[in-house]
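Chains as they are written, first to last, in the working numbering: chain B, 213 to 762; chain X, 13 to 916.
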């Protein structure tokens, strides 16, 4: 495992005087070099560590420090073609060098999205924009509403009546942490971040970590991956902003069961409201003394998709460059600051309360045998009823799209389901699929995080594929060769084929996709070939012109 | 447990990676190609060319995994050379070459292939099918550093340099900036090598698989006539070096990965600072001073002159009017011969060495406590320890490779305690830094012992079973007044208490000490108190513990082993003992040995001033520059009838000599050095002697012969034969032989069958039978009590990384460019009170004299303390150091000098 020294030095100051937060703070202030150097000295690391980290993130890198407004560059806004107009409007108010980009701010249901004054907005017209800009500095949460509904017993979307009652459930399990694990095992709750790994297994692995050399219980952590970077996905945002206690309770119970006293929520910086709301919810818990000595800490992401990868996320919290770590060791053995860590997605944690309240068996009776429970689905603005829907696993996709989304507004040729690494499903395949891990996987797609981005019929597929590779190239951590060079060269090939009299050698492209898929260190480089291959397979006619014929 | 390679079952080792497994089974380090992998570094998994296919059943569905970081599991089927894998590797190489200079794909005609060039040749060099795209080929090279050059247009982003910087050297100078395709290597705050805090160790250069990082000697791609492994001359770590020679000239040095001591690493002195060897300043001919001027003479004339003079002086004043100073930089064999010449051929015990000015108190104190004056454990024990107690040493500067290992341990979180008046970088990293007033070592150790006893953290079983006189010691420290000692040391007793508890509570604690312990008025006593600490906590006789002196010079251990001490002969036998005299006389084939112990160096100088010592024979030592109180030394030298010096260069000492004999450097001779962990390692001749020089050993044999004693191993210096004689004389080296030393040497004691010893006093079985506790009160140095009032500042001296002692060698390399001057570190407030600005040159003065030196504001010293180095003759700091020394061994107190300073 690389970077053990830097990790260990960072851990000396830990979460309270966090290296990453320090770097972010100086970057946001556009602090002079000497302040960064002082920080390095204080942490006993060399300057390169600080520069390495600050140069990585969208919101900390030097060239972005003067940006005042960030236009959403996410997939949903791109296909909705709202951003050119928005950019034009913004340019009426800001100098070009003051305008930056943000990779999806979670307004996929309305588009025209941007981030300003540590808030996110949608503004379809210059009038709307002008009004938003004039409210600068005012407190309050901007309007970000969307439909919310469920087709089954609401697990995630049910209302919490009284927070203290909600947390009282923990008392029942305090004496018997094994029972928590047992219920979760019975429930067959699988990680909702996309990989679908059985959640109980992580708790079990962490609880079994040996005592340290002096025979004391070693420090352990619970980490919630709230870096919902998939453009098109806003279901975690929904949970953080509307159901923060479901998430916090899940982390708290996980902590109680494995002997961890600290929970860290890594929330992406593009969700400033989520950070505020969760922060208030934590304060509420403290004020009402509902979680004993358990501590929560929010770490704010600084603009990097790869931080959604669990090991990159851990490095990020530590203030290291979020380069993907090798596995093994897994986070359950060597996680945050090298300590045993339970790391899972927002939605995974949010299920725990219901499972413990109603029993693992009740949960397992929802959904299919292998994909139990419910899944939040986010639908984009091409649907007549965009929003967040809690859907029982195994529900036909068509039901979701038609009964809840109320169908699409305009001509759509395909949907990308599950983020930029999720499959591109042509319209005609929708009828054959249901919402669960198995149905999608066996048909060559992915459940992923179950976000849906519609691809209009008039949106060139080549452009969509270029966007996927550009996104991957932009967000690649730069560590492994296939992703660092391959995604970039792939993007160049697609651009060249569109802009010049150039056809892509189809064997070269096939080799490139294979290299990315089997050679990459993590799911970013390894995942992007899937939608591209879907595109090549289902939109051959449209794409043939860009490739050599043999 | 078994796993399968291409369907054949083999046993694997638990935890072994697929890469290691396949390499081991196929006995081929190239069985699977790699780029980002380096055995010395943590697995990283960036290049992916080591990928293999694995299946859970024979010919079952496979997954592609990087073999370098995937452990082998039971019944795993590994296919490492399938078509799919070959295609993957080639496709990755194609991607890499799409951003790599086309003219660097193949090695240049006169250059060896780089590891990257070898790897791509192994995989098969693909046609790059990608159209020209964005690339990094226009990046400008960085030539700011005297030794290291970077040309990132050739960088393949394998991170090996970044990882080597952190994982081998423990620095983080090299880093990565940006992300994705735009990632690139940076130094420090994205600046040049020169501007960065680079320590020039060259680990990055050695690991870089391309020529993105090279040294000025282009060592990596040299096609050498031969590469000779030898032992570094620059400190007691004893790094092994691979020296490349072309046309009889040294062209570059690499650190061999097979070296147990340095494991493929070394510092800028070992790796780069070799250019002194054929510097124009090298002495090339023997010289005799005639009418106040040196004249080149023949060897015969020089030898005859020396022999004639020595015999004449002996006849007139007796053998005891002759003395010799041997050299801790010379080989064991040469030191052995030197003491033999003085004792057997001349007939006096007036033989001493530069250990007198460094580690004599260590040898003395540890003998008193344990029975052996050498490190109890090995450096590799650092891997097994839970706590490191570092006292009066700055190994990052003086023992860089061991220092880097200690730093690694500190950073990774081992319990760390540093006692040092200077805030060194290790002190900064440590859990506890006890920043004492210089000279209060005994006081702080008494405090630590006091708290360990008070907290009841002693290992009573160990004490009862293996030691004596603990009760006296206990009674002594129990009754000490901690408040008084707190005031004396300047360290809060609460902090001392915490550090004491942390040390005593650690399962295994290792002590390391340096000259900050020995070069004091109470030097030997401090060593004995450090020994007490180890004994009272049972930290002796197992792995990961012990008392481990960081030996200053490369062979200071060996010189003492060989008998370069006035009171002990080869193998530490008391020369005052008639039995031993008989033993030596028999071994040396002489009638009798001198009866009484001889003079220590300070005593020789005093004797010269008194007119009792008439001749001084010096081998490789700049006594004038390095001994304290220079004016006193000069006065002594002026009073001598004969001064003979064997040297590489003209020095302050050779200038006062009557005869100067040009010596061959360590590159030009065979022999052995013994490092700080008692490891005798080969010095192999790399090139022929420069000019008309001879190895020191040859000169001693020649002079000895003219004095009437013919060395029994022959009149030609032959290290292997002298070793046989040493093995016959020194009981604990019985099994020593040139052959047996092999590549990694042997740690003494060496049994007759050649078995060596990693650890002494196993399970508390002390060499002297039983470990002995001593107890002492703190006593203020006479330097302070006599001069402290008039000269209120305390000057302490130390070393910098770039230079080796008086700098005769390092100043004649590019190291001098990196660090061209000595400076005086002063607390800014002390300087400001005197109205002195940063970088201003001041006059610093003591009771002995004054020198001029530029100051540097530094908060690494407390107020009232000054620190400087003694590398540059321009400053000549020993003009102001004093004559106080360790009571038992007379080792000078370089670390405490009462001074004051002022503007000029």
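All C-beta atoms in this analysis are idealised placements derived from N, C-alpha and C, irrespective of residue type, glycine included. Computed from a predicted model, the values in this text were never measured in an experiment.
Item	Value
Can you tell me whether residue 177 of chain X is helix, strand or coil according to DSSP?	helix
Quick one: any contact between the region 753–766 of chain X and the region 593–600 of chain X, if contact means 3 or more CB pairs under 8 Å?	no
I'd like to know whether the C-beta of residue 134 of chain X is nearer than 8 Å to at least one C-beta of chain B.	no
Taking only three categories from DSSP, how would you classify residue 560 of chain X?	strand
Pick out the complete beta strand (DSSP E) segments inside the region 198–235 of chain X, 3 residues or longer, and give them in chain order.	225–227
Considering only the alpha carbon of each residue, which of X:42, X:870, X:481 and X:90 lies closest to residue 540 of chain X?	X:481
Take residue 562 of chain X and list the residues in its own chain whose beta-carbon comes closer than 8 Å to its own, dropping the five residues that flank it on each side.	248, 405, 407, 410, 411, 414, 524, 525, 526 and 688
Would residue 621 of chain B count as contacting chain X if we go by Cβ distances under 8 Å?	no
Listing by chain order, which chain B residues have their CB less than 8 Å from the CB of residue 143 of chain X?	704, 705, 708 and 714
Does any residue of chain X bring its CB to less than 8 Å from the CB of residue 245 of chain B?	yes
By Cβ distance below 7 Å, which residues in the same chain neighbour residue 510 of chain B in space, the five residues on each side in sequence not counted?	477, 479, 487, 490 and 491
Quick one: which chain X residues come within Cβ less than 9 Å of residue 316 of chain B?	Residues of chain X passing the Cβ test: none, with the nearest at roughly 18 Å.
So with Cβ pairs under 8 Å, would you call residue 694 of chain B a contact of chain X?	yes
Does the distance from the CB of residue 736 of chain B to the CB of residue 482 of chain B come in under 8 Å?	no
Going by DSSP, which residues form a beta bridge with residue 437 of chain B?	B:478 and B:557
Could you pull out every residue in the same chain whose Cβ sits closer than 6 Å to the Cβ of residue 503 of chain X, ignoring the five residues on either side in sequence?	446 and 448
Roughly how many angstroms lie between the CA atoms of residue 839 of chain X and residue 651 of chain X, to the nearest whole one?	41 Å
Step through the CB atoms of chain X and report whether any lies within less than 8 Å of the CB of residue 727 of chain B.	yes
Over what stretch of residues does the beta strand (DSSP E) that includes residue 525 of chain X continue unbroken?	521–525
Checking contacts by CB at 8 Å: is residue 915 of chain X closer than that to chain B?	no
Which residues of chain X have a Cβ atom closer than 8 Å to the Cβ of residue 685 of chain B, listed in chain order?	192 and 193
Assuming residue 413 of chain X is part of the alpha helix (DSSP H), what are its boundary residues?	412–424
Please specify which runs of the beta strand (DSSP E), each continuous and at least 3 residues long, are wholly inside the region 624–649 of chain B, giving them in chain order.	624–629 and 635–638
Going by DSSP in three states, residue 605 of chain X sits in which element: helix, strand or coil?	coil
Determine the closest residue to residue 287 of chain X out of X:678, X:167, X:624 and X:138, with distance taken between C-alpha atoms.	X:678
Where does residue 668 of chain B fall in DSSP's three states?	strand
Grouping DSSP H, G and I as helix and E and B as strand, with all else coil, what is residue 294 of chain X?	coil
So, does the CB of residue 711 of chain B fall closer than 8 Å to a CB anywhere in chain X?	no
Take residue 156 of chain X as the anchor and find which of X:59, X:685, X:564 and X:227 has the nearest alpha-carbon.	X:227
Using CA coordinates, which residue listed in X:582, X:381 and X:370 is at the minimum distance from residue 737 of chain X?	X:582
Would you say residue 417 of chain B lies against chain X (beta-carbon separation less than 8 Å)?	no
For the candidate residues B:381, B:215, B:558 and B:441, whose alpha-carbon lies nearest to that of residue 463 of chain B?	B:558
Are the C-beta atoms of residue 456 of chain X and some chain B residue less than 8 Å apart?	no
Taking the beta strand (DSSP E) that residue 162 of chain X falls in, what are its first and last residues?	160–162
So the candidates are X:276, X:120, X:616 and X:692; which of them puts its Cα closest to the Cα of residue 750 of chain X?	X:692
Output yes or no for whether 8 Å exceeds the beta carbon distance between residue 268 of chain X and residue 276 of chain X.	yes
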